[in-house]
Amino acid sequence: MKANLKQMPTYLSILALAALLTIVVLPPPYGPYPEFGNHDWPVAQYYIDHTLGEIGAWNVMTAIVWDYRGYDTLGESAVLFTAIVGVLMLFRTREKH
Amino acid sequence: MTGMTLIVKTVSRILSPIILIAGAYIVVHGHLTPGGGFQGGVILACGVILLIFAFGLQSTEEKVSLDFSNKLKSLSMLFIIIVGLTGLAFGFWFFRSVGAFPFYYWVPGIPGEIPSAGSLPLYNVGEGIHVAVAFIIIFYSLTRLARREGEE
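Respectively, the protein sequence lines represent chains G and E.
Going by numbering that gives the first Met the number 0, the first residue of the first sequence is number 0, and it counts up by one from there.
Going by numbering that gives the first Met the number 0, the first residue of the second sequence is number 0, and it counts up by one from there.
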């Protein structure tokens, strides 16, 4: 614990450097940040415009959940799977012989 | 646990298939109407949980056993991942719904019909089975625990 406290300035400087790099380096490829409070996000309009053409689904939500963000939904399913395994492990019943 | 009275048994005997059909409808129409795998799966599970309430754990487990639910849980998870990998197999990225408008590779379909939207219906079916079986397993486990503690 003492060693961690001694190295605190190092950690803080690394964090500050990471934050600075995030602010400085990230915007150029994705364009400037939108103004605060301005909800004109291009991604949402892209989903609405291109779902029927690219996916062919009427339900835009399902297209987003299962295609554009499939990894997210796979993770949710994995969380549910882990929850079931945990329940089965915790509440397992031992057959009386 | 032998179940509830005759009135409850009769009503749930009538209601349970209707609930199961409603859940299956929501799962299958997941890419057309509001709803999807999660929501329909929960309704499917409710149809079975109603049977547990009305008829007791013993007679419900004869129809939907815990082992069967366990196998279905793992198989549906595997099914989702395999359907996600078909996107890679057709030259796109993981979880790409192959078969949509510019790239008619697999299950083309007209938008608005059930076999359309690429592999979204398959995802929804897999997820619906997964969620339904998950809730059934959790309810079985908790009911068994409650019964065991009641005996002791």
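We treat Cβ as the ideally placed atom computed from N, Cα and C, and that holds for glycine.
Bear in mind that the values here come from a model prediction, so they are computed numbers and not experimental data.
A Cβ-Cβ contact shorter than 8 Å links Ser-140 (chain E) with Leu-87 (chain G). For a Cβ distance threshold of 7 Å, nothing in chain E lies close to Tyr-45 (chain G): the least Cβ distance comes to about 15 Å. A straight-line Cα-Cα distance of about 49 Å links Val-132 (chain E) and Gln-6 (chain G).
The segment 122–136 of chain E makes contact with the segment 40–48 of chain E: 3 or more CB pairs, one atom from each, lie closer than 8 Å.
Among the residues facing chain G, Tyr-122 (chain E) is included, as its CB has a counterpart in that chain under 8 Å away. Around Ser-76 (chain G), the beta-carbon contacts reaching into chain E at under 8 Å are Met-76, Ile-79, Glu-126, His-129.
Annotation for Ala-56 (chain G): Thr-50, Ala-62 place their beta carbon closer than 7 Å to its own, counting only its chain and skipping 5 residues before and after. Put simply, the CB of Ser-64 (chain E) is far from chain G, with every gap to its CB atoms at 8 Å or more. For Arg-143 (chain E), the enclosing alpha helix (DSSP H) stretches over residues 119–150. Judged by DSSP in its simplified three-state form, Pro-41 (chain G) adopts helix. In the displayed model, Pro-110 (chain E) falls within a strand according to three-state DSSP. With a 10 Å radius around the Cβ and a threshold of 16 neighbouring Cβ atoms, Asp-71 (chain G) comes out exposed.
Cβ-Cβ separation between Val-63 (chain E) and Val-47 (chain E): approximately 6 Å, consistent with a contact (criterion under 8 Å). In this chain, the alpha helix (DSSP H) harbouring Pro-16 (chain E) covers 5–27.
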